[in-house]
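A short write-up of the structure that comes next.
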Amino acid sequence: MRILVVNSNTTPSVTDRIGAAARAVASPGTEITAVSAPFGLPLIVTRADWLVAGPATLAALAAHRGDYDAAVIACFGDPGLDAAKELLEVPVLGISEAAFHAAAMLGRRFGVVSFTAALRPMFGECLAHHGLAARCAGFRMGPAFSGDPGTVAEDRLELLAGLCAESVDQDGAEAIILAGGPLAGLAPQLQPRVAVPLVDGTQAAVRLAEAMAGLMPRHPRPHRPRALTGFAPGVAALYAAR
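All residue numbers for the sequence shown refer to this note's numbering, where the first residue is 1 and numbers rise by one.
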């Protein structure tokens with residue numbers, strides 16, 4: 001099985017840690033290819049960033065079309081996810097989508113922990129979009145961040161540990177999502193210090209993508225062919241006749 005994992009930002013070190021986290025949980029024989037967005041921003045933080053990241057994510061998925069059996073959008077907020085589900089022939093999952101559903105199965109109420117509160121509006125809207133807002137115990141997030149996205153997990157390790165404790169003790173979370181592509185792979189390191197299950201969105205999405213691809217590849221929804229201009233040829237091909 002081949003799974004493409006797309007980091008929707010342009011920071012190679014974030015892509016590397018996302019790829020490592022994905023490979024750590026992939027089943028034997030599953031091939032993971034992790035790629036960065038071909039254009040865009042080094043870190044997705046605001047709603048505007050999220051909107052820019054959607055076309056960039058779709059471009060990455062289109063550029064590798066035919067080379068994967070399932071895909072994962074490894075950016076919390078899932079930019080471009082609905083378009084990808086509509087246009088591609090294989091299952092596409094977002095890491096927030098996967099994390100929300102996995103956490104909802106691990107506990108009645110789950111908390112969301114991340115490294116900066118700037119992400120909260122986007123995360124809240126994503127949670128509502130996936131229909132699981134009622135299951136969320138609350139958000140615990142750090143202050144403004146302007147450092148290296150590739151090392152934020154280590155730079156803010158103690159802060160994140162404290163936020164997890166607050167999520168359990170003050171919000172009543174029975175599972176916690178470590179939200180954000182730059183936090184990929186951190187859950188195993190933090191888990192011994194947290195009393196409830198920690199969910200890594202990248203790893204949850206990879207395992208669920210394996211299941212979805214193994215059940216049945218999905219098919220794109222029928223659409224009227226249209227000429228898309230100004231985008232990469234691969235994206236334009238998604239709108240062409242099949």
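C-beta atoms are modelled at their ideal positions from N, C-alpha and C, and glycine is treated no differently.
Cα-Cα separation, residue i to residue j
i    : j    : result
E86  : P55  : 14 angstroms
R193 : R221 : 45 angstroms
A179 : V113 : 6 angstroms
T202 : R108 : 21 angstroms
A240 : P91  : 20 angstroms
Q170 : A133 : 18 angstroms
A70  : L51  : 23 angstroms
V25  : P197 : 16 angstroms
A238 : V72  : Rather than Ala, the amino acid found at residue 238 in this sequence is Leu. Going from the Cα of L238 to the Cα of V72 covers about 18 angstroms.
T151 : G131 : 32 angstroms
R2   : A117 : 35 angstroms
F231 : V168 : 45 angstroms
D155 : P149 : 10 angstroms
G214 : A98  : 16 angstroms
Bridge partners - residue i, DSSP secondary structure assignment
i    : result
A71  : L4 and V92
S36  : N7
D82  : Answer is none; D82 lacks a bridge partner.
R140 : V113
Cβ-Cβ distance between residue i and residue j below 7 angstroms
i    : j    : result
L159 : G142 : yes
G234 : A84  : no
T57  : S36  : no
V199 : A103 : yes
R140 : E166 : yes
T163 : Y68  : Residue identity check: residue 163 is Leu in the sequence provided, not Thr. Contact flag unset, no.
A209 : L81  : no
A137 : A173 : yes
G111 : I32  : no
P38  : A60  : yes
L190 : A153 : no
S8   : A53  : yes
T226 : M122 : The sequence given here places Arg at residue 226; Thr does not occur at that position. Contact: no.
E89  : H223 : no
Backbone secondary structure at residue i - three-state DSSP
i    : result
L160 : helix
L43  : coil
A232 : coil
L198 : strand
E31  : strand
L208 : helix
A175 : strand
L132 : coil
F76  : coil
L238 : helix
P182 : helix
T57  : helix
R120 : helix
M105 : helix
Could you check whether the stretch 120–140 touches the stretch 67–79, counting it as contact only if at least three pairs of C-beta atoms, one from each stretch, sit closer than 8 angstroms? yes
Segment contact flag, the stretch 40–53 with the stretch 16–28, C-beta cutoff 8 angstroms, min 3 pairs: Output reads no: the stretch 16–28 does not touch the stretch 40–53.
Inter-stretch contact (C-beta, 8 angstroms, three-pair minimum) for the stretch 143–152 and the stretch 204–211: no
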